[in-house]
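The numbering of the sequence shown is this note's numbering, which starts it at 2 and goes up by one. Okay, structure first, notes after.
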Amino acid sequence: MAAIPPGGTWFDTLKTSFADVPIDTANDKGIATTEFLEAAEALTSLFDILGSAAFSPVKSDLNGNIKKVRDRQLAAPGESETLQALVLNELKTKKHVATEGLVWLVRGLDFTAQALRHNIVNPNSELSDSFRDAYGKTLKAHHSFIIKPIFSAAMSATPYRTNFYAKLGSDSEKVQAALEREVKALEERVAILKSFQDRKEAKW
């Protein structure tokens, strides 16, 4: 994990922030594929801060889905400048590996965003409560009885709130501002993608 710069926060160490991921508002709110995948990859290091081996399946799941989308982008870069274009062009080939990968990636990012939002809004909540609440609203309905206990173990292994925030930076005001900025940007992009994925042409 990169060292936090003096007076900075953990968010300053990220290669790409979700706030930096372009949205082409003139073109169906197209979300830039390269920057989105970089931001998603950067955010998975948050699970290293959560610090438990129990979170490694969660991180591995996100990274596996990032790879599926990136593999399609590398195979057809001209058709994959935005995530929406990547999906529609892949579906034309009668394949849906990356499309399905993106569905799961968005679910995982939605889970992360909702957990962090819950913790921002409820300053007395422990992380375990925030992650459990978010899991119930996002991933739980899509997981099998084999996967649910793995995620349940991760929720129980979250560090205490004070320890987690201390690892994000020494200046609590800066940490809160950076966290709010990142979560708001993530929520906006997740909402755009969920709306797109609900459309008939994005399904297989």
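Even glycine gets a Cβ: it sits at the ideal position worked out from N, Cα and C.
Quick one: Cα of residue i to Cα of residue j, how far?
| i | j | result |
| --- | --- | --- |
| alanine 99 | arginine 71 | 8 Å |
| threonine 83 | alanine 77 | 12 Å |
| alanine 192 | aspartate 172 | 30 Å |
| alanine 86 | arginine 190 | 15 Å |
| valine 88 | aspartate 199 | 13 Å |
| proline 23 | lysine 185 | 14 Å |
Determine the closest residue to residue i out of the options, with distance taken between C-alpha atoms.
| i | options | result |
| --- | --- | --- |
| alanine 178 | Glu202, Arg118, Leu106 and Ala142 | Arg118 |
| proline 160 | Lys175, Glu39 and Asn120 | Asn120 |
| tyrosine 136 | Ile151, Val122, Pro124 and Asn125 | Ile151 |
| threonine 94 | Arg73, Val104, Ala114 and Gly109 | Arg73 |
| aspartate 205 | Asn90, Thr163, Pro124 and Pro6 | Looking at the sequence itself, residue 205 is tryptophan, so the reference to aspartate does not match. Checking every option, the nearest Cα to that of tryptophan 205 belongs to Asn90. |
| glycine 9 | Thr113, Glu42, Phe19 and Val176 | Val176 |
| glutamate 36 | Asn123, Phe197, Leu187 and Ala192 | Leu187 |
| alanine 158 | Leu128, Trp11 and Asn123 | Leu128 |
| leucine 169 | Ser18, Leu51 and Ala40 | Leu51 |
| tryptophan 105 | Thr139, Ala33, Ala4 and Asp25 | Thr139 |
| alanine 43 | Val59, Ile24, Lys16 and Ala27 | Lys16 |
| aspartate 49 | Thr163, Ala155 and Glu183 | Ala155 |
With a cut-off of 8 Å on the beta carbons, I'd call residue i and residue j a contact; round off their distance for me.
| i | j | result |
| --- | --- | --- |
| glycine 102 | asparagine 64 | The Cβ separation is near 11 Å, so there is no contact. |
Label residue i either buried or exposed according to how many other C-beta atoms from any shown protein chain fall within 10 Å of its C-beta, with 16 as the threshold for buried.
| i | result |
| --- | --- |
| valine 107 | buried |
| phenylalanine 146 | exposed |
| threonine 26 | exposed |
| glycine 109 | buried |
| glycine 31 | buried |
Hey, which unbroken runs of the alpha helix (DSSP H) at 4 residues or more fall wholly within the region 32-118? You should have 34-45, 47-51, 57-76 and 84-93.
Uninterrupted beta strand (DSSP E) stretches inside the region 111-166 (no shorter than 3 residues): Counting only runs of 3 or more residues that sit fully inside the region 111-166, no beta strand (DSSP E) segment turns up.
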